[in-house]
Structure formats: structure tokens, C-alpha cells
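Asks: Can you keep this structure in mind? I'll have questions shortly.
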Amino acid sequence: MLLSPYPTIGERIRITLLWLWCGMVILFLLVPILVPVPLSFNSGAFFIFPLEGISTRWYAVVLGTQRWQSAIGNSLIVAFGTTLIATMLGTLTAIALSDEKFPGRRIVMPLLLSPLIVPVVITAVGSYLFYARVGLASTYAGIILAHTALASPFVVVTVGASLTGFDRNLMRAAAISGARPITSFFKVMLPLILPGVLSGAAFAFVTSFDEVVVVQFLASANQRTMPLEMFIGLREKLSPAITAAATLMMGLSIILLVVANLLARRGKQRPRID
Amino acid sequence: MTALEPTKLDRPRIARDRSAADAKAAKSVTAKLRRAEFGDRLRSLALAAPLLVLLALSLGIPIVLLLSRAVYDPTIADALPQTSQALRGWNGAELPGDAAFLALAADLRDNQARGTAYELAKSLNARLPGARSQVLKTVRQLEAADRPPLEVMKAVPFWSAPGTWPVIESGTHSVTSFYLLSALDLRWNADGGIEKVPPQQAIFLQVFMRTFFVAAAVTLATLILGFPLAYLIAAVPKGLAAILIVAVLLPFWTSILVRTAAWTVLLQKFGLVNDLLLWLGIADDRLDLMYSRIGLIIAMTHIQLPFTLLPIYSVMRTIPASQMKAAYSLGAKPFTAFRRVYLPQVFPGVMAGCLLTFILCLGYYITPALIGGASDQLISNFIANYVNVELNWEMAAALSFILLVFTLALFGIFARILGLDRLKLV
Amino acid sequence: MKITKARLFAFAAATAFITSGHVAFADELSIMASGGAWQDAQRKAWFEPFSKETGAKIVEQEYLGDLGKVKAMVDTGNVPIDLVTVETATVLQGCDAGILERLDYSKIAPREKFLEGSALDCGVGLDAYGDVLAYDPNVLKEAPTSVLDIFDTTKFPGKRAMRKFPAQNLEWALMADGVAPADVYKVLATPEGVDRAFKKLDTIKKDIVWWDAGAQPPQLLASKEVVMTTAWNGRIQNAIDKDGAPFKIIWNNQILEYDMIAIPKGAKNPELAYKYLAYISQPENNAKLASYITYGPVRTDAASFVAPDALPKLPNAPDHMSAYLVADTEFWGDYGEDLVKRFNAWLAQ
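Protein chains in written order, with the numbering used here: chain L, -9 to 264; chain C, 13 to 438; chain U, 0 to 348.
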């Protein structure tokens, strides 16, 4: 497809240029995310190449100081809470939407996807002002609630994708055999769509774990998460500890999302958004 | 068509042949079916309900309430009940009578007693610069109570200035267009028309234009960088394509914050980018890339590139190679074949990728805050600033309103023309 | 009220005794400060000794000095902090807005013992600091002689950093434009004066990098992002003393200010907060901070308690007082909000 059957010299040059161009684009894509990794192992206090020496002292800072520890703890609390709620509700919604009889599908779908599109500052400011009024500001519950809104579209989409390969006759068969809807869900449907559900859960987890804008508005010092700690650090004092934190966050996101995608593929369906 | 005919005819014939009892039974089956179907619908609604309710509570209501602040601001009306009363029937042209002055004096004292004088001063100040200190000053003098209230009011020139009372009067209406107009650098003039605010106060049109410009620049850059790569990935053998796709997905799976952090390291004066530019001889001296527009656009391009690329790629890989071969065999030159056969088919993917990137760029906040300079802040940064620093939530609401209208309009176009399925990225 | 509280206290103490076996009643005092080297210094000079002396546990929080967070807490009646460090202008604004408690000085220290302008209705002074100019002699071969040199882009080309806030910058702009220090606030109170200050700032606008957290200036100098920066003197001195940074401070035309601490309305533990304020306002304690960060005491009678080696680095050391301006708190209380608005509009343009 790259070359026509009888390539001219001009065409060969064009293809070479295409490769060169794409090589540069790939470098542009990869180098920036790889740069923090070596810097995080720098033994010096500055994050400038060449490295002064290799050490894990900045990881000791991130994993060893109380401030970062509580941030990691908060991040995990919020991310697990979000994952749990978003996965449960998102899965139910995806099942409902996969039914052609679902009324108003054309209206509900854009609504469900809107959290992806609405500028996150508006989401953050809106929930900040509203949650303060109902006593949810500066609480884990408030942050989890807002994050669930941001993360649930991913679950709906991934589970929805795995449901397109699900044969509804199986549920009918189960019903005819006398299974109650709940039983048939757990015994028939869930095992088949499980890869999709787990993949959605991973996306939800990463969405929450990486989120910083909503947290910035909703969290008090007691709920400060890892990304927020990084954001404050980036504004105030660029220490290599930030690159260590960035490397940890990046590692976790990538591992989870690789798993999520493998799962999604195993479910023979690809997620539509990730 | 003919295949359908018998079925169409079947029904009446069967019905005719059936006995009355059968017909009754059939009817009840239909009803049952319908009822069952209704039940199904209800059940699927019930399944979706928890998430929909949660979204409404955590997102819908907060956003609606936020936006309502853009047009509904009862602070002044609540603070000045007597003045509102006194101003009823005022013609708006000349100064109102002494009654209005006295009513205002009484309201001001009430506010001081309730501890809401500052709120009022601040709210008036948002509409009438300078009003804050005048209100507080007057309140203090009224509290001293060494002179009759009317005398105090008349002694402060501010209360007799031509611009003051129309603003107070408009403030006594809780529903206001003031903030939305301000968000577009507009205001009401004395004759009841709409005019531009003085250039010194005009900020927001410029910021909206800047936001659009940055979004457009980033969209264009991602297209220029992404299109050839998408083309290449779609054209090479499967194994190689998988490796290339991973190169696109790895940054995609890394959070915006982490990538912004990486760019703050790279763009430093003594960072890698400057090292590279010097080494290549492109620049003679180290450039100021941090806190600059160009630095911001570079970082945003990096973050958005996969968003533009993936929809294009997902279209490209569905186009069979045989099409181009057919075009060649029919005598088309490579470029003609590309332009006439390939491009028209890829176009929806290009539209989807570009529109998605443009929409997402409009809402950028973290990257401009950390990498942009003071003159590179986008509209979201202003919204955050009005909430956190200036404590003017109405203005934040008005800016949010306009930003949201643009975003949703573009999203609507996306959903309508391209279909939501185009949101798929892999 | 008092009786109920005392009873409650006794009850709680009794419960604590029953459940834990000893009477010590650890109270919690939540303090929100603006982070960095300054908060570290407060911890060593005040938080830890106070904790040891009274048995109260101090919970630290951090913020960027934005009143928005405090206002949101007070408005919703959920105030998880007992004390908050603020700037002078913010004290006045917060006082007017009813966000900060009016202080009862009889529970702290005699008001007249404080430097003028450092004991306000809603905030009490913590320390005196200088807004100064800092540079790296390895980068700038020729040393600036005054803070006002920041406006000289021909002699000192390159990016310079200033605080993203109108206070100090407008004063310096006017002084650089030829206004005598004594007249600065008089001129700035007129619309023409404000225009004049902004016009002067316009001349270097494109060369300015703006900072908003106190820890940023040393960072900007260290990464050589800027050739010079305005800064709070203690942050620079800290980078010199603790990180071995090669920076130099220019004191000429510094602006002297006070850091403040205040009690937000609705704080849960005001009694303990007052106890803390009284503690840090004792002259010998007030002087202690200077040993950890080079900020001077606000008590007029505290100078003799300052550690001798810290004294020459303080902003109000005799060597640093050749030309200076004392920030006019009242001016910024009156005009601050409008000038901030104008400044932000100017920034955005």
C-alpha cells in the first residue's frame, strides 16, 4: 500500500521522507514521557542532565516521607472508591443501554459521555460551590462522587463494547431454565463480560488516580492526593522527587491500562475510548 | 418486496380463520407481550437510573446551579429592600428623590447591623468599580450618627454621581445580564443600549480569541504530525503497526499532569530542548520556552496528538489497500489516487480527530497554568482565578456559561455529523 | 456557656481518664500557613516548642494564600482550621468580609508593644520581612544597585521575575519613574498615579515572568530562567544558607511588610488559638523565628532576644535601611481590591 506497483524515484524519496517524518513524530511522542524516568534516579538535587549519579533517594522521599505517604494513601482511597462505584453503576447502565428497547438512547448516550467533553474546570468549580453547600466539600465522599462522574463514561463504553458480542439468547435460556434474573446475571452474563468490566474498572481507576483539577478545588489538606502534591510541587519547588512521583504514577497507569486493553481484547471487543 | 407480501397477507387470513375465542386469546397475548415489553423498558431504565441519578447529582445540578449564578444574583436586591421599594417608578434619568437616599441609608445601616455590608460593597463593586470603599466609608459615617443620614449621603459625592443610581437600580433586579455581557466585554450604556467596555477593562474577548487561537494551532500541529504517522501505521504490516501503535498509546495513557511535568523539565532554559536546539545550531542562544506561548503549544500538541491521530487511524485501517491498487491500475498517478480515492474516505476521521482535539483544547487548564506565562492563560484559568482569588463567582459562572455553550455546540456538531461512535479511539 | 463548656471539659477529661488511664488531654490546634521554608521555620521556632509546652497537638495545613478557601469554609460553617497565616492586605479584606475574627488583644499581648501597623483588628503580626531583589552573580556580571534596577532592561537584559500581585510592583514602578518614596502612596491614590505606575510596568511587561508562591523566586534563579527576581528576603537567604545557592540580595529600596496570623470566624478551638498567639507574641519567642528564617520580630522589645548571628541578615538590620519603604497597610486595604482587578486586567491584555 505504501508503494505503487512500479515505484518511481520520486515516490521512493517520498516514502523515505514519510518514514523520517514519522520517526521524528515518534521521538516527539516518546522522549518527553521517558525523560522523567532517568531524572528520578538522579542523586543530585537538580534535574538537569547529565546525571550526577544514580540513586533511589528521591523514591525514598516519595515513599518514605509522611507527606507523600498520606498523598499516596488518599489517592488510593479516592481511586478505589471511584472504581467501585463507577464500575457497578456503569456496568448496570451499559447493560440497560445494550437493550434496543431502552427508551431515549439517543439522548442518554451523549449525556453519559458529556463528562468527557465538559471542561473539567467547570465541573470542578460547579461541584466546589454546590458540594460546599451540602457539606460534601473537603470530604472523600465529595471527591469520589465527582470522580465517579468523570470515570463512569469509560465503564459504560468498555462494558457496552463487550456486550455487543454477548448473545442475549443466553439470558433467555437461563430464564427459561428457571434462573432468576440476578442469578443469570452472575452465572451467565458477568463471566462473559468480565474482561470488559475489569477493563472499565481499570480505566476508572486511572481516571481518578490521575485527576488533579477537581481535587484542587474539593480537597482540603487532609485529602491531598498524589497528583495534587505534584501540582503544588511543580508550582513551587521543582525537586527530583516530582520526577520520582511522576515515574511511579506513569508506571501504574501504563501497567493498568495495558492490562485493561489486554482484557478488552480477550473479551474479543475493543474499548471505544481509552 | 414480494417476499414480504405473504406475511402481510397472512395475518388477516389467520385471523379470519380463527374462532372468536382464539382471537381473544391472541389479543391477550399481544397485550401480555406489550406489557412484558413495557416491563423490559422499565427494567432497563431502572438499571440505568442509579448512574443517571448520580450524574445528575454530582454533575448536572452543580453545573446548572453554577450557570444560574451568571444570570441570577440576588445579593443587591436582598441587601437593599427599602431602596428597591423607593426606586420603584423612578424614571432613571435624573437623581432619585431624597426618599431613595434615606432608604439607601437605612438599608446600609441594616446591612452593617447584620454584618452583610461587605458582601453588598463587594457585589456593587463588581458592577461599579470603586463602589466598595465608598459603601464601607458611608457605612462607617452612618454608624457614627453625628449627622442626619441624608446629610451623610449627600456629603459623599459618589452617591450623587450620574452613574451610581442606574447601577443600584439594575442591581435590585435579581435577574441580570450584567455578568454575561461583561464576559463578552460589553455593558449597558446610559441610554439602555449595549456598548463595548473601555479598552482598559476589556479582557475576555481577547482571552476567548487566545483560547481559540491556541486550540486551532494545536489542532493544526497535531494534524500535521499525526496524519502521516496514522497513514504509515495503517500501511505497514501488522506486527510493525502494533509496535507503532504502542508508541502512540504510551503517552496517551500517561496523565496530563505527568506529561506537563515532563515538559516543564524539558522546556527549562537549561533543559533538553534548548540543549538540542543549540547543538543543532537552530538557535544561537538559549530560548525562553517556559512561560511562553510557543512552549504551551508544544506541550499541548504532545498531549493532544493521540486524540487527533487515533480516529484518523481507525478510519484509515478500514480502507483496503486494493482500492489504491485499483486506482493505480486505472492509470491514476499516486498523488491523484491519494487525493481522489483516499482522502475523501479518510475525511470523516480527520474531522473527528480535529474536532475532538479542538473541543478538548478549549477546556485546558493544568498545562497553561504550569507552562504558560501571564499572557498565555486560557479561559479556564480565568474561571479558576475568579473563584479562588477574586471571589467573584458570578463572573466565573458567566465565563463558564460561554465556554460551555461553545463546547457543547461543537460536541453537538460532532455527534450529529460524525456520530458518537467516532469517539472510539482504538 | 462557660459553665457548660467547663462541664463538658470535665466530662471529656473524665472519659479520657476512664478510657485511657491518664488525665493528659491532648488538644488539637490546626494551623494553615503558606508553606515552604517559612512554614519550616515556624515549625521549629513555634509549633514544636508550643506543642511541648502545652501538650497541644499542632496539625499543619498549607495553602496558596488565597482567601477563597477560607471564605468557602466560613460560608459553609465548616471551619477545620483554628489559625491561618495571611498577608496584611488580606487581613483587612477578610476583616471587612467578616471571614476573620476580631481579636481580643487582652488575651495576646499589649497592642502598643507591636511595631506600628503590625497589630491589626483581625490579625496579629508574626514577623517583619523585606521585599527585595535577588540575583545570581554568576549570571549577572554587573551587580544591580537597587531594586529599581529591575526596570532597566538595557543595562540588565533578560527575563526578570516579579510577584503576580499589584502591591510592591506599583510602588517600585512609581519610584523607578521618579516619585519620592514619601509620596508614593499619595500618588498611587490618584487615577493618574495608577496609570503612571502601569505605564512604567508596561515598559518591562514582556520581560517579566510572574511568580505567585514564595518558593518560586529561588527556583527561578536556580534554573537560570530569570536573571533577577523580586523576592521575600527570607526565602533567598534560606537558599543561600541551606542549599548553598550563590545568590545575592539587593536591599536598597526594599519594601518592609509584616506577616500576619488570624483566627477564621467559626474556628473550633479559639481558646487554644489565643494561647498560641500569646505564646508567639512573647518577646523572647517572637525573636526566635529569626534563627530559622531571616525575618525580624514585630515586638518593639524583642530585638535584644534575636540571636546575634541572625541579626545582620534581618530586613530591619541597620545596614539594610539606607533606602526603604514601609508598605502602607491602610492604602492596600482601601484600594487593594480595585488595584488587583486592574492589575489582572492589565496582565490579561
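Ideal Cβ placement from N, Cα and C applies to all residues, glycine included.
Keep in mind the model is a prediction, meaning the values are calculated, not measured.
Just mark Leu10 (chain L) as buried or exposed, buried being the case when its beta carbon has 16 or more other beta carbons within 10 Å.
Replies: Label assigned to Leu10 (chain L): exposed.
Asks: Could you tell me if Met312 (chain C) is buried or exposed, where buried requires 16 or more neighbouring beta carbons within 10 angstroms of its beta carbon?
Replies: Flag for Met312 (chain C) reads buried.
Asks: Quick one: which residues of the region 201 to 230 of chain U get their C-beta closer than 7 Å to a C-beta of chain C? List them in chain order.
Replies: Hits within the stretch, in order: Val208, Trp209, Ser222, Lys223 and Glu224.
Asks: Quick one: does Val178 (chain L) have its CB under 8 Å from some CB of chain C?
Replies: Not one chain C Cβ lies under 8 Å of Val178 (chain L).
Asks: Between the Cα of Phe46 (chain U) and those of U:Tyr278, U:Gln215 and U:Ile98, spot the shortest distance and give me the residue it belongs to.
Replies: Nearest C-alpha to Phe46 (chain U): U:Tyr278.
Asks: If Gln218 (chain C) and Ala347 (chain U) are in contact, beta carbons under 8 Å, what's the gap, nearest whole angstrom?
Replies: Sure, about 7 Å apart at Cβ, within 8 Å.
Asks: Rounded to whole angstroms, what is the Cα-Cα separation between Leu271 (chain U) and Val249 (chain L)?
Replies: Approximately 52 Å between the Cα atoms of the pair.
Asks: Could you confirm whether any beta carbon from chain U is found closer than 8 Å to the beta carbon of Val399 (chain C)?
Replies: Closer than 8 Å to some Cβ of chain U, the Cβ of Val399 (chain C) qualifies, so yes.
Asks: Taking the alpha-carbon positions, what's the Ser186 (chain C) to Thr293 (chain U) distance?
Replies: Answer to the nearest angstrom: the Cα atoms are 51 Å apart.
Asks: Might you give, ordered along the chain, the residues of its own chain that have their beta carbon closer than 8 Å to the beta carbon of Leu430 (chain C), omitting 5 neighbours on each side?
Replies: The residues are Pro360, Met363, Ala364 and Leu367.
Asks: For Ala211 (chain L), decide whether its Cβ has a neighbour in chain U, counting only Cβ atoms nearer than 8 Å.
Replies: By this cut-off, Ala211 (chain L) is an interface position.
Asks: Return helix, strand or coil for Met13 (chain C), following the three-state DSSP convention.
Replies: Any reading at Met13 (chain C) is ruled out, since the residue's pLDDT is 35, under 50, leaving its predicted position unreliable.
Asks: Can you give the Cα-Cα distance for Val123 (chain U) and Lys312 (chain U), rounded to whole angstroms?
Replies: Their Cα atoms are separated by approximately 23 Å.
Asks: Could you name the residues of the same chain whose beta carbon sits closer than 8 Å to that of Glu336 (chain U), not counting the 5 residues immediately before and after it, in chain order?
Replies: The residues are Gln92.
Asks: Just the Cα atoms here: how many angstroms apart are Ala166 (chain U) and Val297 (chain U)?
Replies: The alpha-carbon atoms of Ala166 (chain U) and Val297 (chain U) are separated by roughly 21 Å.
Asks: Could you give the DSSP three-state label for Ile292 (chain U): helix, strand or coil?
Replies: Ile292 (chain U): coil per DSSP, three-state reduction.
Asks: Considering only C-alpha positions, which residue in the set U:Met227, U:Tyr273 and U:Asp194 is nearest to Arg341 (chain U)?
Replies: Residue U:Asp194 is the option with its Cα nearest to Arg341 (chain U).
Asks: Around the Cβ of Val441 (chain C), are there at least 16 other Cβ atoms within 10 angstroms (buried) or fewer (exposed)?
Replies: Past the boundaries of the shown model lies residue 441 (chain C); chain C is included only from 13 to 438, so the question cannot be answered.
Asks: Return yes when the Cβ of Ala127 (chain L) is within less than 8 Å of the Cβ of Leu208 (chain L), no when it is not.
Replies: In contact: Leu208 (chain L) and Ala127 (chain L) (Cβ atoms closer than 8 Å).
Asks: Just confirm the distance between the C-beta atoms of Pro314 (chain U) and Asn251 (chain U), as a whole number of angstroms; I'd bet it's less than 8 Å.
Replies: So it is not a contact: roughly 12 Å between Cβ atoms.
Asks: Could you pull the DSSP bridge partners for Ile249 (chain U) from this structure?
Replies: Ile249 (chain U) is bridged to U:Leu132.
Asks: Could you have a look at Phe92 (chain L) and say whether DSSP puts it in helix, strand or coil?
Replies: If DSSP states are grouped into helix, strand and coil, Phe92 (chain L) belongs with coil.
Asks: Please determine, among L:Phe221, L:Ala234 and L:Ile245, the residue with the shortest C-alpha to C-alpha distance to Thr379 (chain C).
Replies: Answer by Cα proximity: L:Phe221.
Asks: Output yes if chain C places a C-beta closer than 8 Å to the C-beta of Phe31 (chain L); else output no.
Replies: Cβ-Cβ to chain C under 8 Å: no for Phe31 (chain L).
Asks: Taking all protein chains shown into account, do 16 or more other C-beta atoms lie within 10 angstroms of the C-beta of Glu111 (chain U), making it buried, or fewer, making it exposed?
Replies: Glu111 (chain U) is exposed by the Cβ-count criterion.
Asks: Please tell me whether Ala160 (chain U) has its Cβ less than 8 Å away from any Cβ of chain L.
Replies: For Ala160 (chain U), the answer is no, since every Cβ of chain L falls outside 8 Å of its Cβ.
Asks: Please state the DSSP three-state secondary structure of Arg298 (chain C).
Replies: Of the three classes helix, strand and coil, the one that applies to Arg298 (chain C) here is coil, per DSSP.
Asks: Spell out whether any CB of chain U is found under 8 Å from the CB atom of Phe170 (chain C).
Replies: Chain U, which has no Cβ nearer than 8 Å to the Cβ of Phe170 (chain C), makes this no.
Asks: Residues in the same chain with beta-carbon distance under 7 Å from Ala396 (chain C), minus the five sequence neighbours each way, listed in chain order, please.
Replies: Cβ within range, chain order: Tyr377.
Asks: Between the region 121 to 133 of chain L and chain A, which residues of the former have CB atoms less than 8 Å from a CB of the latter, in chain order?
Replies: Among the chains of the structure shown, chain A does not appear; the protein chains present are L, C and U.
Asks: Would you identify the three-state DSSP class for Pro156 (chain U), choosing helix, strand or coil?
Replies: Here Pro156 (chain U) sits in coil by DSSP.
Asks: For Pro269 (chain U), I'd like the list of residues in its chain whose CB is within less than 8 Å of its CB, leaving aside the five on either flank, ordered along the chain.
Replies: Only Asp81, Glu100 and Ile262 meet the Cβ criterion.
Asks: For Glu131 (chain C) and chain L, any beta-carbon pair shorter than 8 Å?
Replies: It does not; no Cβ of chain L falls within 8 Å.
Asks: With a cut-off of 8 Å, does the C-beta of Thr154 (chain L) fall near any C-beta of chain U?
Replies: It does not; no Cβ of chain U falls within 8 Å.
Asks: When you compare the CB of Met99 (chain L) with every CB in chain C, is at least one pair closer than 8 Å?
Replies: Yes - at least one Cβ of chain C is within 8 Å of the one on Met99 (chain L).
Asks: Could you please give me the residues that DSSP links to Glu27 (chain U) through a beta bridge?
Replies: DSSP, once it has assigned bridges, lists U:Lys56 as partnering Glu27 (chain U).
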